[in-house]
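Each remark here refers to the structure printed beneath this line.
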Amino acid sequence: STPVTYSAGLAATAKRGIIIKGGSRLEALGNAKTVVFDKTGTLTRGRFSLNHLELIGERKTRREVLELLSIMEAPSSHPLSATLVSAAKAEGAIPLHGVSLQEHTILKGEGVCAIVNDRRVYVGNERLFKRLGMYDLSPHHVESARKWNNDGGTVGYVGIEGEGLGIIAMFCVTDTIRDEAHHVVTALMDNGVKVVMLTGDGEGAALAVGEEIGLPDSSIQSQLLPEDKLHYVSALKDFSSQKSVFFTDQRNLVVFVGDGVNDAASLAVADVGVAMGHGAALALEMSDVTLMDSNLNKLLFSMKMGTKVITTVK
Ligand code: ADP
Ligand code: MG
746 STPVTYSAGL AATAKRGIII KGGSRLEALG NAKTVVFDKT GTLTRGRFSL NHLELIGERK
806 TRREVLELLS IMEAPSSHPL SATLVSAAKA EGAIPLHGVS LQEHTILKGE GVCAIVNDRR
866 VYVGNERLFK RLGMYDLSPH HVESARKWNN DGGTVGYVGI EGEGLGIIAM FCVTDTIRDE
926 AHHVVTALMD NGVKVVMLTG DGEGAALAVG EEIGLPDSSI QSQLLPEDKL HYVSALKDFS
986 SQKSVFFTDQ RNLVVFVGDG VNDAASLAVA DVGVAMGHGA ALALEMSDVT LMDSNLNKLL
1046 FSMKMGTKVI TTVK
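Last residue of the sequence shown: number 1059 in the UniProt record's numbering, and the count goes up by one each step with no gaps.
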C-alpha cells in the first residue's frame, strides 16, 4: 500500500469523521495487536427497551415503581437511564411535582442511589444489592433473573431501605448490537489482532453479545467495576510490552474502545484510547481518538491508515 505522511493520514481520517490527536496516535493504531472493547454503547447501541417489570411483594404498584425509576434515573447519563425514563413516560408514569430527591449518587458499574421522600432508594444490578445485603429474592425470582439474563437481557432491581422493605421490583432491558460489530471484530481477529470484551454487565448478557459477534467466551470478562476494567487493560499492556522485548521499538500496543464515564480510566491508560462520538464528555476528554458517528468500521479504517503512515516514518 502507498505510504502516507502524518498530515495526509490525519486529513484522510478527519475527512471520515475520525478525530485523532496527532500522527503518533495514528501510527500507534497501526501497531496495535490487541483491541479491547467495552460492551454497552460500544459493541451495542446502548439503546435499550424494557422487556419485563415484575413487582416483588406488592408493596408498590407498577405505576409507582415506574415513577420511582423515572425519578431515580433522570439525573443519570447512563444508557440504561434514558430507557427507563422513557418507558415510564410511555405508560404515563410521570412523577408528580413535590417529590423530594436528595443525595443522588451514581454508583459506577452498579447503579444509582438517592433519598426519595426521606427513604433511601437504590436502582441497580445484582452486585449492588448483594453488596448492600439487600439481595433476598425468592427462588422464583432468582430463576426469572437467570432466565432473562441467559436470553441476553440486563437485569436490574429497585430497592428501598428500611424495615419490611428491600427489593420491591425487578426488571429486564435488552440492547441491540451494532450492525457492523460482527464484521469489525472478525476482521480484527482475521488480521491477527487479539480482541477482548470487558463489561460491567452480567455474564449472560455479555456471553449472548459475544456469541452474536463471533467472540469466544474466553475473550470476555463480565461484572467488572471501572477499576477492574483498568486493571485488565494495564495487564494486557504489561503482557504486550514483555513480548516487545524482542523488538527494538515498542510494538503490540493496546487499544481500548469505550463510551462511558466508567471507561475514562481505561481510555487514559491504554496505548490508544478510542471514544465513541456519542460518549460521555469525560470519555471523549480521556481519549486519543474519537469516532464521530460511533461507527466501528471507522476503527478498522484508522488502523489500516495507521499501518500506512508507519511505512513513511520508519
Ligand atoms: P458497561 O461496562 O457494559 O458499559 P456499566 O459499567 O456502565 O456497563 O454498568 C454496569 C452495570 O451496572 C449495568 O449493566 C447495570 O446493570 C448497572 N447500572 C449502571 N448504571 C445503572 C443505572 N443508572 N441504573 C441501573 N443500573 C445501572
Ligand atoms: Mg459503555
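Positions of the beta carbon are idealized from the N, C-alpha and C atoms, including for glycine.
On a predicted model such as this, the values are computed, not experimentally measured, just so you know.
Notebook entry, point to check: Should F874 and G904 be called a contact, given that it needs their Cβ atoms to be closer than 8 Å?
Noted result: yes
Next item on the list: Could you spell out the range, first to last residue, of the beta strand (DSSP E) harbouring M942?
Entry: K939 to L943
Margin query: To the nearest angstrom, how far is the alpha carbon of G843 from that of I860?
Written below: 14 Å
Notebook entry, point to check: Considering only the beta carbon of each residue, do I913 and I764 sit closer than 8 Å?
Noted result: no
Margin query: Quick check: the segment 773-786 against the segment 941-948, are at least 3 beta-carbon pairs closer than 8 Å?
Written below: yes
Checklist line | Burial state of N862 (16 or more Cβ within 10 Å) | finding: exposed
Notebook entry, point to check: Is the segment 883-893 touching the segment 835-851, taking contact as three or more C-beta pairs under 8 Å?
Noted result: no
Notebook entry, point to check: The beta strand (DSSP E) spanning S752 covers which residue range?
Noted result: Where S752 is concerned, there is no enclosing beta strand (DSSP E), although the alpha helix (DSSP H) it sits in stretches over Y751 to K760.
Note to self: In the DSSP output, what is Y902 paired with across the bridge?
What the structure shows: G869 and M915
Notebook entry, point to check: Would you report the Cα separation of I816 and L846, rounded to the nearest angstrom?
Noted result: 8 Å
Notebook entry, point to check: Is S794 helix, strand or coil by DSSP?
Noted result: DSSP, read as helix, strand or coil, puts S794 in strand.
Notebook entry, point to check: Within 10 angstroms of its Cβ, does V990 collect 16 or more other Cβ (buried), or is it exposed?
Noted result: With a pLDDT of 49 at V990, under the threshold of 50, the predicted position of this residue should be treated as unreliable, though the coordinate-derived value follows. Exposed, by the Cβ-count rule.
Notebook entry, point to check: Around the Cβ of V887, are there at least 16 other Cβ atoms within 10 angstroms (buried) or fewer (exposed)?
Noted result: exposed
Notebook entry, point to check: Using the beta-carbon count (16 or more within 10 Å), is A1010 buried or exposed?
Noted result: buried
Checklist line | V900 versus R876, E948, V810 and Q966, residue with shortest Cα-Cα distance | finding: The shortest C-alpha separation from V900 is found at E948.
Item checked: Rounded separation between N776 and G937 - CA only -> 12 Å
Next item on the list: Name, in chain order, the residues that DSSP records as bridge partners for R808.
Entry: Paired residue(s): none; R808 is not in a bridge.
Margin query: Using a Cβ-Cβ cutoff of less than 7 Å, which residues in the same chain neighbour A950 once the five nearest sequence positions on both sides are dropped?
Written below: N894, G897, G898 and T899
Next item on the list: Hey, could you find the ends of the alpha helix (DSSP H) L771 is sitting in?
Entry: G768 to N776
Check: Quick one: Cα of K834 to Cα of E957, how far?
Finding: 31 Å
Item checked: Extent of the continuous alpha helix (DSSP H) run through residue 1112 -> Given that the chain is displayed from residue 746 to residue 1059, the structure contains no residue 1112 and the question cannot be resolved.
Notebook entry, point to check: With contact counted as at least three CB pairs below 8 Å, one residue from each stretch, are the segment 748-762 and the segment 969-984 in contact?
Noted result: Not touching, per the Cβ criterion.
Check: Within 10 angstroms of its Cβ, does L841 collect 16 or more other Cβ (buried), or is it exposed?
Finding: exposed
Notebook entry, point to check: For H823, is the classification buried or exposed, using 16 other Cβ atoms within 10 angstroms of its Cβ as the cut-off for buried?
Noted result: buried
Next item on the list: Answer yes or no: the CB of G947 versus the heavy atoms of the ligand MG, is any distance below 7 Å?
Entry: Exclusion of G947 from the 7 Å shell around the ligand MG follows from its C-beta lying no nearer than that to any non-hydrogen atom of the ligand.
Item checked: Reduced DSSP category for E957 - H, G, I as helix; E, B as strand; rest coil -> Helix.
Item checked: Short Cβ contact (8 Å threshold) for L1045 with V929 -> V929 is positioned such that its CB atom lies closer than 8 Å to that of L1045.
Note to self: Judging by CA-CA distance, which residue of S1047, E803, S963 and T747 is the nearest neighbour of V1002?
What the structure shows: Of S1047, E803, S963 and T747, the residue nearest in Cα terms is S1047.
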